[in-house]
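Each residue of the sequence shown is one higher than the one before, counting from 13 in this note's numbering. This report concerns only the one structure given below.
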Amino acid sequence: MNPYVLTILLSSLGLGTVLTFASSHWLLAWMGLEINTLAIIPIMAQQHHPRAIEATTKYFLTQATAAAMILFASTTNAWLMGEWEIHQLSHPLATTTVMLALTLKLGLAPVHFWLPEVLQGLELTTGLILSTWQKLAPFALMIQVAPTINSSLLVAIGLLSTLVGGWGGLNQTQLRKILAYSSIAHLGWMVLILQFAPSLTLLSLSLYIIMTSSAFLTLKTNNALTINTLATSWTKSPTLAALAALVLLSLGGLPPLSGFMPKWLILQELTKQGLPLSATLAAMTALLSLYFYLRLCYALTLTIYPNTLTATAPWRLNFTMITLPLSIITILALGLLPLTPAVTAMLAL
């Protein structure tokens with residue numbers, strides 16, 4: 013793609029998200045979401061491959077449907093209640109429709125079916141943008157409308173998403189689909205705690221973006237798209253393979269890695285709010301996700317890919333890829349747990 017065109021598209025992507033962040037009026041927020049969607053469509057379709065075109069079409073249809081629902085809900089609220097402000101969403105029909113639309117935009121269960129299929133048809137870099145940056149604008153709106161939504165509905169969506177995210181990834185061999193189900197599960201944890209502690213949702217979102225970015229960039233550096241190709245990573249770059257395994261375990265939420273922090277704090281907050289059953293169910297669904305992360309770690313570090321090389325050293329090419337961003341976010345994805353007391357103190361302010 014032409015660098016000038018790519019610059020314009022990425023700028024529009026940023027503009028759409030910032031516009032949604034800054035808006036207090038539903039029409040302005042809707043415009044930001046639309047700019048965001050229209051900017052990423054050419055980036056997704058740049059491969060000119062049938063799978064990429066199919067994924068782009070599916071993504072466009074789902075996002076257009078969600079945007080139309082948001083517009084319908086905000087117009088309904090303005091018609092019945094006389095309010096266009098995001099914080100003044102008060103009619104039950106409008107709040108339920110907006111919640112469903114934002115759930116569809118984020119790919120939460122039970123309207124998650126498009127996300128694995130779309131992510132599977134994209135390049136890893138575009139998939140990274142879709143899994144991280146594209147979640148920010150809908151989440152900003154969801155945090156603003158969360159106080160008006162029934163808490164039982166949010167908890168149900170959160171638990172269902174963690175269950176679907178863990179269950180769906182068990183039988184996958186494609187890494188992009190596994191990361192899509194991982195995304196569904198992590199977003200479920202965020203929605204679960206959204207109404208009780210929005211600051212914890214933001215903390216979880218930040219750490220999810222760091223860990224997912226590290227996972228995607230590691231796979232891109234190794235040029236791995238399936239579990240079988242992941243097994244060859246050890247001979248290419250042993251250090252990167254070892255770090256990738258730790259990043260996957262951090263995504264699974266194992267101590268003493270960064271991914272344990274949000275799960276620990278969310279379970280603690282749910283217990284404080286008198287929801288021990290929800291906390292127990294969430295912890296049990298996390299075990300499902302942990303299983304397929306461990307499966308990837310096994311393929312990555314404990315299996316040697318069969319090869320017929322008789323030489324003492326494998327053939328290695330010099331890296332031409334810039335690895336500084338990968339290095340920084342990998343350190344963050346692995347070593348932030350000791351900062352938990354500082355984080356909890358900041359959240360308590």
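Heads up, the beta-carbon is just placed ideally off N, CA and C, and yes, glycines get one too. Since we're looking at a predicted model, the values are computed, not measured.
Who does residue i pair with in a DSSP beta bridge?
i      : result
His37  : Glu97
Thr238 : Gln186
Residues in the same chain with beta-carbon distance under 7 Å from residue i, minus the five sequence neighbours each way, listed in chain order, please.
i      : result
Pro54  : Leu21
Ala113 : Ala78, Met81, Ile82, Ala85
Ala323 : Because the pLDDT at Ala323 is just 48, under 50, the model does not fix this residue reliably, and the value given afterwards should be weighed accordingly. If we look at Ala323 and ignore the five residues flanking it on each side, it has no Cβ neighbours.
Ala64  : Met56, Ala57, Gly133, Leu134
Ile221 : Thr144
Leu321 : Note that Leu321 has pLDDT 48, beneath the 50 cutoff, so the model's placement of it is unreliable and the number below is only indicative. Counting only Cβ-Cβ distances below 7 Å, and skipping sequence neighbours, we find nothing.
Which residue from the options puts its Cα closest to that of residue i?
i      : options                        : result
Phe272 : Ala345, Ala121, Tyr16          : Ala345
Ala236 : Gln132, His103, Ser194         : Gln132
Gly234 : Met223, Lys248, Ser226, Ile222 : A small fix is needed here, since residue 234 is Asn in this sequence, not Gly. Ranking Met223, Lys248, Ser226, Ile222 by Cα distance to Asn234 puts Lys248 first.
Phe72  : Leu266, Leu217, Val130         : Val130
Ser36  : Gln59, Thr49, Trp96            : Trp96
Met13  : His60, Leu39, Thr107           : His60
Ser23  : Ala357, Ile190, Ile47          : Ile47
Thr185 : Phe125, Thr241, Thr313, Leu39  : Thr241
Leu260 : Thr138, Thr335, Thr224, His124 : Thr224
Met111 : Thr356, Trp126, Pro150         : Pro150
Gly264 : Ser290, Ala298, Thr292, Thr283 : Ala298
Thr107 : Thr138, Leu127, Ser163         : Ser163
I believe residue i touches residue j by the beta-carbon criterion, under 8 Å. Please report the beta-carbon distance rounded to the nearest angstrom.
i      : j      : result
Ser211 : Leu359 : 5 Å
Ala57  : Thr68  : 4 Å
Leu206 : Ile155 : 7 Å
Leu116 : Thr88  : No, Leu116 and Thr88 are not in contact; Cβ-Cβ is about 17 Å, not under 8 Å.
Ser270 : Leu349 : 6 Å
Val304 : Leu182 : Checking the sequence, you will find Phe at residue 304 rather than Val. Contact flag correct, Cβ pair sits at about 6 Å.
Leu191 : Ala227 : 6 Å
Gly170 : Ser301 : That pair is no contact at about 14 Å.
Can you give me the start and stop residues for the alpha helix (DSSP H) that residue i sits inside?
i      : result
Pro250 : 250-264
Trp145 : Here Trp145 belongs to no alpha helix (DSSP H), and DSSP marks it neither H nor E.
Thr174 : 163-180
Met273 : 272-284
Val110 : 104-118
Ala354 : 352-360
Leu293 : 288-313
Gly347 : 336-347
Gln132 : 126-132
Can you list, in chain order, the residues of its chain whose CB lies under 6 Å from that of residue i, leaving out five sequence neighbours each side?
i      : result
Gln285 : Phe208
Leu31  : Gly44
Ala121 : Leu172, Ser173, Val176
Ser195 : Ser143
Tyr16  : none
Kindly say whether residue i, judged by its beta-carbon, lies nearer than 8 Å to any beta-carbon of chain B.
i      : result
Leu187 : Although the question refers to chain B, the structure presented lacks it and comprises just one protein chain.
Flag residue i as yes when its Cβ comes closer than 7 Å to any non-hydrogen atom of the ligand FMN, and as no otherwise.
i      : result
Ser226 : The ligand FMN is absent from the structure shown, which contains no ligand whatsoever.
In chain order, what residues of the same chain have a beta carbon less than 8 Å from the beta carbon of residue i, not counting five sequence neighbours either side?
i      : result
Leu187 : Leu231, Ala236, Leu237, Thr238, Ile239, Leu242, Leu308
Thr313 : Trp246, Ala253, Ala254, Ala257
Ala158 : Leu166, Leu206, Gln207, Pro210
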